[in-house]
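Student: Got a structure for you, written out below as structure tokens; questions coming shortly.
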Amino acid sequence: MRKTMTSMLAGIGLVLACGTSVYAQDKELTIFWAEWDPANYLQELVNLYEAESGVKVTVETTPWSDFQTKAFTEFNAKGSAYDMVVGDSQWIGAASEAGHYVDLTDFFNKHNLKEVMAPATVKYYAEYPSNSGKYWSIPAEGDAVGWSYRKDWFEDPKEMEAFKAKYGYDLGVPKDWKQLRDIAEFFHRPDEKRYGVAIYTDNSYDALVMGVENAIFSFGGELGDYATYKVDGIINSEQNVKALEAYKELYSFTPPGWAKAFFIEDNQAITENLAAMSMNYFAFFPALINEASNPNAKVTGFFANPPGPNGDQFAALGGQGISVISYSQNQEEAMKFLEWFIKDETQKKWAELGGYTASAKVLESPEFQNATPYNKAFYETMFKVKDFWATPEYAELLIQMNQRVYPYITGNQGTAKEVLDALAADWNATFKKYGRGKS
Amino acid sequence: MATTMITTLDRSSRSAARGMSDLTIRNLFIIPTIVFLIVFNIFPLLYSLGYSFTDFRASSPAAANFVGLQNYRELLNDPFIWSNFAITAKYVIVSVVGQVVVGFGVALLLNRDIPLKGLLTTLLLLPMMLSMAVVGLFWKLLYDPSFGIINYTLGLGSFEWLSNPDMALYAVAITDIWMWSPFVMLLSLAGLSAVPKHLYEAAAIDRAGSFYTFFRITLPLVAPILMIAIIFRTMEAFKTFDLAYILTSQPTTEVISIRLYKMAFQEWQTGRSCALAYIVLIMILAITNIYVKYLNKVKER
């Protein structure tokens, strides 16, 4: 009798437990993203959705260095832990070809998102293959690389005088990469524990490559022809050699121990009085105008990536689109969330919270452009961005670029020409292996 | 008598009360372990061997194609892979030699009657009880060129331990030596305390010098247990990942496990990474075999 009672109670408990979890699953969504400020802003935004719809949305995060590995491990295992992912722009080829992302083309066309969102974000975050009219993500967090600088150092009359005497022109926001280099050299004073510039050097994911891209694109170079997979004469072009040399020279003006620097270190360079200028994604600039996180907030200025020697001006694209994962049990609920997410008022709120909306209407509004000292630079930059390869084998291309470029920049090994020629050979071999570029 | 004890059960035991035979009890203990080994070790091992001859990618829905020895051939012809192996070998040598010297040295110091010996030994064991990730993170702070305590204490100014490509591997090895010397110390201490005292007394009567005593008595008698410590540490150092991954991202510290990780979980070249894992496995087996042979030789002496 006692045994029967126990079994019955256990059975009832099990049924209740299962019932509760099924009910909870219907009303819960999980969005996976990297661990950074915009993810916190997104959590604040989705709390509003919960208040409106009763559906609890959780933004789950992981450090940037593990983001790709963790996301793809889950995708490859066809796991349903996440319903949506705010995935990197270069993942789109790998994730769409492998069937990890739900095709959002109909959703995209129904809501005319090609017009609603800024063109660069549609091109790089949503569409794959290029110009195919197939869409896999909703542009969520627009981002690009920009620069912050110490206005107080730049505006110090003594510094201005000394600078003019040395370089023959006025010290100010650099108008091109040559001036960027001069200013970095001018402020590089290791004896005073002051350094010229903070740049990206971390080679564990895409930081270093993004940094180098800023130089390459502004020097008028390209990584390759994304339509034909041709890289010879493009990645190892004259412009790219010069750009790589320029980036290496900037490395010599960085603070000590700057061989694994990414967004945290680059912001610290400004907050800790280490460097005169610092490269970083716009997404990290909110922390620099906040006096709680930056004691130099009042004297921190911002500028867009300057043009190269021929006047070309581009920046490396960051940012991500939000995609629905094919293995999610809550796809219908996720689509409802996206309907809410793309509304004008949601996008406006998203921008107010600190997120970088990709909505063209919000971006163009004077309200947005005047909201912070860097929003206007961001708006302008978003029309001059270029990105890395988005082919399914992008991770191999990225590692090969890190392997070739990192020892040259930080370890003084080889010449820029040798490095880029070797990289062209690596990329050609990779494309050959996957049968790319054969028509 | 002994046979009777093995084949029959004590009539009053619980197993006997439940009517279990010796065979059942043996199976009860052994079968789960064997099943576990087959499911989690042997099956994946064989399965990945199969994958190593294909172009399988876990990230792609495309079917795997048999490519024969192509993965092995390409890996063994890849200069980057050889550079990873060279880095690993250098790391293993520096790290294991350092651990043996420090660990054995500390064991010699502790192998005498000193006050608070037990407490001292326990405190010295603390580093190896910590998590690798934690050790990596706080040594990163210790090495920091701007505010790290190592440069401050040694008066090295802003010396770049981890950013300097020539120094980074040694910095990782120093951390590993700090963490794992206690392990060598512990085993050496066990070996040292087992050396019969009368041998030292006899040596003292013969007026043998301390140098002679060490090389003729202490070292030969501790050698077998020291060899076991070296085998363990070599195997561990060969497959090291955490410390090197956390401390620095220099190409000069990209040991073979890090390359393997990137190949398997960032590039998703599953077939090729299986082949690389097999190459690493064969190398570890070969090195361990040499050690074991040497260990047997030492024991015979």
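Keeping their order, the protein sequence lines are chains A and B.
The first sequence: position 131 = 130 (numbering that gives the first Met the number 0), numbered continuously.
The second sequence: position 197 = 196 (numbering that gives the first Met the number 0), numbered continuously.
Glycine included, every Cβ here is placed at the ideal spot set by N, Cα and C.
From a predicted model like this one, the values you see are computed outputs, not experimental measurements.
Residues in the segment 54 to 84 of chain A with C-beta within 8 Å of chain B's C-beta atoms, listed in sequence order?
Tutor: If the cut-off is 8 Å between Cβ atoms, the segment 54 to 84 of chain A has Q67, T68, F71, T72, F74 and N75 near chain B.
Student: Is the separation between the beta-carbon of F284 of chain A and that of V384 of chain A shorter than 9 Å?
Tutor: Not in contact: F284 of chain A and V384 of chain A (Cβ atoms no closer than 9 Å).
Student: On the three-state DSSP scale, how would you describe V54 of chain A?
Tutor: V54 of chain A falls in the coil class under three-state DSSP.
Student: Going by the beta-carbon positions, is the gap between A117 of chain A and E212 of chain A smaller than 9 Å?
Tutor: No, these two residues do not count as a Cβ contact at 9 Å.
Student: Can you give, in chain order, each stretch of the beta strand (DSSP E) that sits fully within the segment 284 to 336 of chain A and has at least 3 residues?
Tutor: DSSP runs (the beta strand (DSSP E)) wholly in the segment 284 to 336 of chain A: 299 to 303 and 314 to 323.
Student: DSSP puts Y211 of chain B in a beta bridge; with which residues?
Tutor: Y211 of chain B is not bridged to any residue.
Student: Check each residue of the segment 44 to 59 of chain B: if its Cβ is closer than 7 Å to any Cβ of chain A, include it; give the result in chain order.
Tutor: Answer in chain order: A57, S58 and S59.
Student: Would you list the residues sitting across from K229 of chain A in a DSSP beta bridge?
Tutor: Its beta-bridge partners are A:D224.
Student: Do you know how far the Cα of M184 of chain B is from the Cα of T358 of chain B?
Tutor: An answer regarding residue 358 of chain B cannot be provided, because it is not within the stretch 0 to 300 covered by chain B.
Student: By DSSP, does W63 of chain A sit in helix, in strand, or in coil?
Tutor: Helix.
Student: Counting along the chain, where does the beta strand (DSSP E) carrying I137 of chain A start and finish?
Tutor: Run containing I137 of chain A: I137 to R149, per the beta strand (DSSP E) assignment.
Student: From the DSSP output, in three-state form, read off V21 of chain A for me.
Tutor: In this prediction, V21 of chain A scores a pLDDT of 41, lower than 50, which makes its location untrustworthy; the coordinate-derived value is nonetheless stated afterwards. V21 of chain A: helix per DSSP, three-state reduction.
Student: Could you tell me which chain A residues have their CB closer than 7 Å to the CB of E159 of chain B, listed as they occur along the chain?
Tutor: Near E159 of chain B (Cβ distances below 7 Å), the residues of chain A are P255 and G256.
Student: Can you tell me whether S358 of chain A is helix, strand or coil according to DSSP?
Tutor: Strand.
Student: Just checking my contact of G333 of chain A with M83 of chain A at CB under 8 Å: how many whole Å lie between their CB atoms?
Tutor: Position check: residue 333 of chain A holds Ala in this sequence, whereas Gly was assumed. Contact holds; Cβ gap of about 5 Å.
Student: Are the segment 355 to 362 of chain A and the segment 109 to 128 of chain A in contact at 8 Å, needing three or more beta carbon pairs?
Tutor: Counting Cβ pairs under 8 Å, three or more are found: they touch.
Student: Using a Cβ-Cβ cutoff of less than 6 Å, which residues in the same chain neighbour F302 of chain A once the five nearest sequence positions on both sides are dropped?
Tutor: Around F302 of chain A: W146 and V172.
Student: Scan the segment 198 to 247 of chain B and note each continuous alpha helix (DSSP H) run of 4 residues or more that stays entirely inside, going in chain order.
Tutor: The segment 198 to 247 of chain B contains these whole alpha helix (DSSP H) runs: 209 to 212, 218 to 237 and 241 to 246.
Student: Looking at G220 of chain A and N239 of chain A, is the spacing between their C-beta atoms short of 9 Å?
Tutor: In contact: N239 of chain A and G220 of chain A (Cβ atoms closer than 9 Å).
Student: So F143 of chain B contacts chain A; which residues on that side make the cut at Cβ distance below 7 Å?
Tutor: Per the sequence presented here, residue 143 of chain B reads as Asp, with Phe not at that position. Here the neighbours are G256.
Student: Would you tell me roughly how many angstroms separate the C-alpha atoms of I41 of chain B and S325 of chain A, rounded to the nearest one?
Tutor: Computed Cα separation, rounded: 33 Å.
Student: For R271 of chain B, count neighbouring Cβ atoms within 10 angstroms of its own Cβ and tell me buried if that reaches 16, exposed if not.
Tutor: With 16 or more Cβ atoms within 10 Å of its Cβ, R271 of chain B is classed as buried.
Student: For F387 of chain A versus M276 of chain A, is the C-beta distance shorter than 9 Å?
Tutor: No.
Student: For a contact defined as C-beta to C-beta under 7 Å, what are the partners of Q265 of chain B on chain A?
Tutor: Ordered by position in chain A, the residues that pass the 7 Å Cβ test against Q265 of chain B are Q67, T68, A394 and I398.
Student: Can you give me the start and stop residues for the alpha helix (DSSP H) that F39 of chain B sits inside?
Tutor: Counting along the chain, F39 of chain B falls outside any alpha helix (DSSP H), and DSSP gives it neither H nor E.
Student: In three-state terms, what does DSSP make of I30 of chain A?
Tutor: Residue state, collapsed to three classes: strand.
Student: Span of the beta strand (DSSP E) holding D87 of chain A?
Tutor: D87 of chain A -> beta strand (DSSP E) spans M83 to D87.
Student: I need the straight-line Cα distance from Q412 of chain A to D175 of chain A, nearest angstrom please.
Tutor: Approximately 27 Å, taken between the alpha carbons.
Student: Would you please state the rounded distance, in angstroms, between the beta carbons of S58 of chain B and N401 of chain A? I believe it to be under 8 Å.
Tutor: Not quite, the Cβ-Cβ distance comes to about 19 Å (not below 8 Å), so this is no contact.
Student: What does Y194 of chain A pair with, by DSSP beta-bridge criteria?
Tutor: The partner list for Y194 of chain A (beta bridge, DSSP) reads A:A274.
Student: How would you label W138 of chain B, buried or exposed, when you count the other beta carbons within 10 angstroms and need 16 or more for buried?
Tutor: The residue is buried, with at least 16 neighbouring Cβ atoms inside 10 Å.
Student: Taking CB distances under 9 Å as the criterion, tell me whether F79 of chain B reaches chain A.
Tutor: Yes, F79 of chain B counts as interfacial toward chain A.
Student: Using a C-beta to C-beta distance shorter than 7 Å, which residues of chain B count as neighbours of D201 of chain A?
Tutor: Chain B residues near D201 of chain A: S248.
Student: To the nearest angstrom, report how far apart T414 of chain A and T174 of chain B are at their CA atoms.
Tutor: Cα to Cα, the separation comes out at about 33 Å.
Student: Against S162 of chain B, what residues of chain A qualify as contacts under a CB-to-CB distance less than 9 Å, listed in chain order?
Tutor: Correct list: T200, P255, G256, W257, A258, K259 and T409.
Student: What are the start and end residues of the alpha helix (DSSP H) that includes T429 of chain A?
Tutor: Its alpha helix (DSSP H) spans residues A415 to K432.
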